[in-house]
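Numbering (this note's numbering), first residue to last: 6 to 417. Everything on this sheet refers to the single structure shown next.
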Ligand code: HAM
């Protein structure tokens, strides 16, 4: 997880996004007003409690509303558009199951202050690169436009009258609630609702000219960036604040009901709901726990980055001083180094080096101490060399995996 969050931070910063943090809990109203009373997040999944003054508070179920709230509070000091990223814990109440937990972590990006479709394609590009870097190969990117205040109301009417005629085929939950938010039926994973959604009128065929032009701009940006996508006219996303672009990455390695590893979209009306001036925005959030789960399912296990560069194993009391100097010199050169705190046989120390995931063992005995040398063993293949300290440092540094620039491939 640490390796993955570091990769996310490096990638976001490479694209000019600034790290943002928001409080772990906020007034319930913030989430209830923005995600929508009829959304699953508000309707079923909020972790809500009262504080000693009787105020209703909710553990953060998602990051977009808090980031926009924080942006509106400090807008005058921030660049426009503002580009922020977060790596935070979220909480959603509900029945825990494979791929769905009550506490989980998200990597999210938000671009606030521009309606330009290039912002949409940029956030999708960052998310897509991140999923490639962590090694989630078997995935689909689905995109849609769900219109705006101009084209959505007439479409909604059309959809409502279609659903009225199909009411009996809907799943119980939607049979009673579809008039509140008819578009949610399109997104339902229940077999019965899927059948109804199949023949429902498609928003993509009812977009106004502005929304159509915007959507074409987003798709053009994805094509320029070489990102493969699939248009999905049924994708509407589960939060009410979305306008125009909606997208989701799905992994075949996840259970169907939890197939989404991440998703996002545009939320041009959100700032106004929060009492701010009209301020467009777009972003995504990727569930990090779900990625680990998907990678484990895809590969059976997740490779982790070596925990330690070098373990210093000391043989005999007389070598203690020289071993300590070697450990200090390695650390001064930026090489993570550990040593046994207790006196142990060499074999036990090498076992420990292996357990902590060290890449090298520096063996220091009487002979090395007298000669001012170190015996360095590469633990992956047992290759061993006795040399001066500078040469040993150079060998370890030449084998370091962590790149100083760019992004490391593979999971961490
Ligand atoms: P979301 O689709 O609700 O969007 O969540 C994004 C991702 O968080 C999901 O695709 C999933 O990977 C992960 N996730 C959600 N619930 C759980 C859970 N109970 N257990 C494990 N993982 C979970 C949002 O949160 C929006 N704020 C995204 C966004 C940002 N839209 C615009 N900007």
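No residue lacks a Cβ here, since even glycine has one placed at the ideal position from N, Cα and C. Model, not experiment: these values are computed from the prediction.
* Using a threshold of 9 Å, state whether the C-beta atoms of residue 379 and residue 363 are closer than that. => If you number the chain shown from 1, residue 379 lands on position 374. If you number the chain shown from 1, residue 363 lands on position 358. No, Cβ-Cβ distance for residue 379 and residue 363 is not below 9 Å.
* Asked: Do you know offhand how far residue 415's Cα is from residue 299's?
  -> Residue numbering aside, residue 415 sits at position 410 when the chain shown is read from its first letter. Residue numbering aside, residue 299 sits at position 294 when the chain shown is read from its first letter. Unreliable positioning characterises residue 415 in this predicted model, as indicated by a pLDDT of 40, which lies under 50. A coordinate reading is not provided.
* Mind checking which residues open and close the beta strand (DSSP E) that includes residue 94? => Position 89 of the chain shown, counted from the start, is the residue given in the question as residue 94. Element bounds for residue 94: 87-96.
* Give every residue of the same chain whose Cβ lies closer than 6 Å to the Cβ of residue 341, excluding the five residues on either side of it in the sequence, and list them in chain order. => To locate residue 341, count along the chain shown from 1; it is residue 336. Counting only Cβ-Cβ distances below 6 Å, and skipping sequence neighbours, we find 313 and 314.
* Asked: residue 136 and residue 254 look like a contact to me (Cβ under 8 Å); what is the Cβ gap, rounded to whole Å?
  -> Taking the first residue of the chain shown as position 1, residue 136 is located at position 131. Taking the first residue of the chain shown as position 1, residue 254 is located at position 249. That pair is a contact at about 6 Å.
* Straight-line gap, residue 123 to residue 252 (C-alpha atoms, nearest Å) -> Residue numbering aside, residue 123 sits at position 118 when the chain shown is read from its first letter. Residue numbering aside, residue 252 sits at position 247 when the chain shown is read from its first letter. Going by the C-alpha atoms only, they are around 15 Å apart.
* Taking just the CA atoms, how far does residue 30 sit from residue 282? -> Counting from one through the chain shown, the residue named residue 282 turns up at place 277. Counting from one through the chain shown, the residue named residue 30 turns up at place 25. Straight-line Cα distance between these residues: approximately 24 Å.
* Asked: Where residue 202 and residue 50 are concerned, what is the direct C-alpha to C-alpha distance, given to the nearest angstrom?
  -> As a first step, residue 202 is located in the chain shown; it is residue number 197 there, counting from the start. As a first step, residue 50 is located in the chain shown; it is residue number 45 there, counting from the start. So the two alpha carbons sit approximately 24 Å from each other.
* **Inter-residue Cα distance where the pair is residue 127 and residue 76** => Against the chain shown, residue 127 aligns to sequence position 122. Against the chain shown, residue 76 aligns to sequence position 71. Those two C-alpha atoms are separated by around 20 Å.
* Nonlocal neighbours in the same chain, by C-beta distance under 6 Å from residue 411, ignoring five residues either side -> Walking along the chain shown from the start, residue 411 turns up at place 406. At residue 411, the pLDDT of 37 sits below 50, so the modelled position is not reliable; the number obtained from the coordinates is stated separately. Around residue 411, the same chain offers no residue with a beta carbon nearer than 6 Å, after the five sequence neighbours per side are excluded.
* Could you tell me how far apart the beta carbons of residue 118 and residue 284 are, in whole angstroms, since I believe they sit closer than 8 Å? => Here residue 118 refers to the residue found at position 113 when the chain shown is read from its first residue. Here residue 284 refers to the residue found at position 279 when the chain shown is read from its first residue. Between residue 284 and residue 118 the Cβ distance is about 6 Å, and since that is below 8 Å, they are a contact.
* Spell out a yes or no on whether the segment 183-191 and the segment 201-216 are touching, meaning 3 or more CB-CB pairs, one atom from each, closer than 8 Å. => yes
* If you compare alpha carbons, which of 245, 8, 250 and 243 is closest to residue 236? -> One-based indexing of the chain shown puts residue 236 at position 231. Relative to the Cα of residue 236, the nearest Cα in the group 245, 8, 250 and 243 belongs to 250.
* To do: Quick one: using the 10 Å Cβ neighbour count with 16 as the cut-off for buried, is residue 408 buried or exposed?
  => For this step, residue 408 is matched to residue 403 along the chain shown. In this prediction, residue 408 scores a pLDDT of 41, lower than 50, which makes its location untrustworthy; no coordinate-derived value is stated.
* Asked: Between 35, 14 and 22, which lies nearest to residue 277 when the distance is taken from Cα to Cα?
  -> Numbered from its first residue, the chain shown carries residue 277 at position 272. Nearest C-alpha to residue 277: 35.
* Asked: Any idea what DSSP makes of residue 416, helix, strand or coil?
  -> Along the chain shown, one-based indexing puts residue 416 at 411. Since pLDDT at residue 416 reaches only 38, below the 50 mark, its modelled position is unreliable, and the value read off the structure follows with that caveat. Note: residue 416 maps to coil in three-state DSSP.
* Where residue 234 sits in the DSSP three-state scheme -> Along the chain shown, one-based indexing puts residue 234 at 229. Here residue 234 sits in coil by DSSP.
* What is the DSSP secondary structure of residue 407, counted as helix, strand or coil? -> Stepping through the chain shown from its first residue, residue 407 is reached at position 402. Interpretation of residue 407 is limited by its pLDDT of 48, a score under 50 that renders its predicted location unreliable; the figure taken from the coordinates is listed afterwards. Here residue 407 sits in coil by DSSP.
* Can you find a heavy atom of ligand 1 that lies under 8 Å from the Cβ of residue 239? -> Stepping through the chain shown from its first residue, residue 239 is reached at position 234. Not so, every heavy atom of ligand 1 lies at least 8 Å from the Cβ.
* Return the Cβ separation of residue 398 and residue 320 in integer angstroms, given the expectation that the two are a contact with Cβ distance under 8 Å. => As a working note, residue 398 is residue 393 in the chain shown. As a working note, residue 320 is residue 315 in the chain shown. At roughly 21 Å, the Cβ-Cβ gap does not stay under 8 Å, so residue 398 and residue 320 are not in contact.
* Say the cut is 8 Å; is the CB of residue 6 nearer than that to a heavy atom of ligand 1? -> One-based indexing of the chain shown puts residue 6 at position 1. No.
* **Where the alpha helix (DSSP H) containing residue 39 begins and where it ends** => Against the chain shown, residue 39 aligns to sequence position 34. That run of the alpha helix (DSSP H) goes 33-40.
* **Local Cβ density within 10 Å of residue 423, reported as buried at 16 or more and exposed below that** => In the structure as shown, the chain begins at 6 and stops at 417. Residue 423 is therefore absent and cannot be evaluated.
* Cβ-heavy atom distance between residue 95 and ligand 1 below 8 Å? -> Looking up residue 95 in the chain shown gives position 90. Yes - ligand 1 has a heavy atom lying nearer than 8 Å to the Cβ of residue 95.
* **Pair within 9 Å by beta-carbon distance, residue 401 and residue 384** => To locate residue 401, count along the chain shown from 1; it is residue 396. To locate residue 384, count along the chain shown from 1; it is residue 379. No, these two residues do not count as a Cβ contact at 9 Å.
* Asked: Regarding residue 272 and ligand 1, is the C-beta to nearest heavy atom distance less than 8 Å?
  -> Looking up residue 272 in the chain shown gives position 267. Checking the Cβ of residue 272 against ligand 1 gives yes.
* **residue 393 to residue 331 span [Cα, whole Å]** => In the chain shown, residue 393 corresponds to position 388, counting from 1. In the chain shown, residue 331 corresponds to position 326, counting from 1. Distance between the alpha carbons of residue 393 and residue 331 is about 10 Å.
* To do: Throw me the rounded Cβ distance for the residue 131 and residue 12 pair, which I believe falls under 8 Å.
  => Along the chain shown, read from residue 1 onward, the residue named residue 131 stands at position 126. Along the chain shown, read from residue 1 onward, the residue named residue 12 stands at position 7. Between residue 131 and residue 12, the beta carbon gap of about 12 Å keeps them out of contact (Cβ cut-off 8 Å).
* Which same chain residues, not among the five before or five after residue 413, have their C-beta less than 6 Å away from its C-beta? -> Within the chain shown, numbered from 1, the residue matching residue 413 stands at position 408. Because residue 413 carries a pLDDT of 39, less than 50, the predicted location of this residue cannot be relied on, and no value is offered for it.
* Asked: Quick one: what does DSSP say residue 111 is sitting in, helix, strand or coil?
  -> Within the chain shown, residue 111 is the residue found at index 106, counting from 1. Looking at residue 111 - three-state DSSP - the assignment turns out to be strand.
* Near residue 171, what residues of its chain come up, given a Cβ to Cβ distance below 6 Å and the 5 sequence neighbours on each side ignored? -> For the purposes of this step, residue 171 is taken as residue 166 along the chain shown, with counting starting at 1. Correct list, in chain order: 201.
* Taking 9 Å as the cut-off, decide whether the C-beta atoms of residue 261 and residue 145 are in contact. => Position 256 of the chain shown holds residue 261. Position 140 of the chain shown holds residue 145. The Cβ-Cβ distance between residue 261 and residue 145 does not fall below 9 Å.
* To do: Return yes when at least one heavy atom of ligand 1 lies under 8 Å from the C-beta of residue 43, else no.
  => Here residue 43 corresponds to residue number 38 of the chain shown, with the count starting at 1. Result no, Cβ not under 8 Å from ligand 1.
* To do: Give me the Cα-Cα distance between residue 41 and residue 32, rounded to the nearest whole angstrom.
  => Within the chain shown, residue 41 is the residue found at index 36, counting from 1. Within the chain shown, residue 32 is the residue found at index 27, counting from 1. Residue 41 and residue 32: Cα-Cα distance of roughly 15 Å.
* Asked: Hey, would you say residue 109 sits closer than 9 Å to residue 100, going by beta carbons?
  -> Within the chain shown, residue 109 is the residue found at index 104, counting from 1. Within the chain shown, residue 100 is the residue found at index 95, counting from 1. The answer is no: Cβ separation not under 9 Å.
* residue 63 Cβ short of 8 Å to ligand 1 heavy atom set -> Mapped onto the chain shown, residue 63 falls at position 58. Every heavy atom of ligand 1 is 8 Å or more from the Cβ of residue 63, so no.
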